[in-house]
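Heads up, the thing below is written out as structure tokens.
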Amino acid sequence: MPEQNVASQSGIVRLDVADRAELCAAYMPFVTNGGLFVKQQYLTQTTYDMGADVFLLMHLVEQNERLPVAGKVVWVTPRNTGSQRPAGIGVQFAAQDGGATQQRLETLLAGMLENRRTSYTM
64 MPEQNVASQS GIVRLDVADR AELCAAYMPF VTNGGLFVKQ QYLTQTTYDM GADVFLLMHL
124 VEQNERLPVA GKVVWVTPRN TGSQRPAGIG VQFAAQDGGA TQQRLETLLA GMLENRRTSY
184 TM
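Position one of the sequence shown corresponds to residue 64 (the working numbering), numbered consecutively onward.
Okay, structure coming up:
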């Protein structure tokens with residue numbers, strides 16, 4: 064599965080999502096307004112705490128589409144937990160966009176969420 068390419072600076076995370084399979088594994092439909100998991104290894108040296116504000120500059124490579132997304136950290140999977148889940152953070156999309164990001168991603172993932180077998184969170 065292709066990896067996320069992320070560069071991070073001061074709460075701004077540049078996230079290149081290669082394809083729908085990667086997006087499906089990272090998407091968090093159970094979070095109010097939707098959310099996305101970002102693997103820790105791509106957050107460089109930055110550490111995020113619960114509730115921290117994050118701004119994602121998401122590039123959906125397969126669609127050649129860029130989505131600027133404001134959000135906050137609502138999920139943290141620390142390193143060395145002994146689980147098979149990758150370390151990283153889950154970012155809840157801000158309510159200010161009126162659900163537009165959630166709707167766009169769920170449209171792209173139509174038919175995939177119900178049958179997904181792998182997820183970075185649950």
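Beta carbons are placed, not taken as given, at the ideal position from N, Cα and C, and that holds for glycine.
Leaving out the 5 sequence neighbours to the left and right, which residues in its chain are closer than 6 angstroms to residue i when beta-carbon positions are compared?
| i | result |
| --- | --- |
| leucine 86 | Val80 |
| arginine 180 | none |
| glutamate 128 | none |
| glycine 134 | Val117, Val154, Gln155, Phe156, Ala157 |
Would you please state the rounded distance, in angstroms, between the beta carbons of residue i and residue j? I believe it to be under 8 angstroms.
| i | j | result |
| --- | --- | --- |
| phenylalanine 156 | valine 139 | Contact flag wrong, Cβ pair sits at about 17 angstroms. |
| phenylalanine 100 | alanine 115 | That pair is no contact at about 15 angstroms. |
| valine 117 | glycine 153 | The Cβ separation is near 10 angstroms, so there is no contact. |
| proline 184 | arginine 148 | For the sequence presented, residue 184 should be read as threonine rather than proline. Yes, they are in contact, since the Cβ atoms of threonine 184 and arginine 148 sit about 7 angstroms apart, within 8 angstroms. |
| glutamine 126 | leucine 171 | 7 angstroms |
| tyrosine 111 | valine 137 | So it is not a contact: roughly 11 angstroms between Cβ atoms. |
Is residue i close to chain D? Criterion is C-beta to C-beta, closer than 8 angstroms.
| i | result |
| --- | --- |
| leucine 172 | Among the chains in the structure shown there is no chain D, since it carries only a single protein chain. |
In this structure, what does DSSP give as the bridge partners for residue i?
| i | result |
| --- | --- |
| valine 137 | Beta-bridge pairing links valine 137 to no other residue. |
| aspartate 116 | Lys135 |
| leucine 130 | Met121 |
| phenylalanine 100 | Gly153 |
| tyrosine 90 | Leu99 |
Grab me the residues of residue i's own chain with a C-beta within less than 8 angstroms of its C-beta, minus the 5 sequence neighbours each way, in chain order.
| i | result |
| --- | --- |
| valine 124 | Asp79, Val80, Ala81, Asp82 |
| glycine 161 | none |
| glycine 97 | Tyr90, Met91, Gln155, Phe156, Gly162, Thr164, Gln165, Leu168, Glu169 |
| arginine 142 | Gln103, Ala150 |
Given residue i, which residues of its chain have a CB within under 7 angstroms of its CB, disregarding the five upstream and five downstream residues?
| i | result |
| --- | --- |
| serine 182 | Ala88 |
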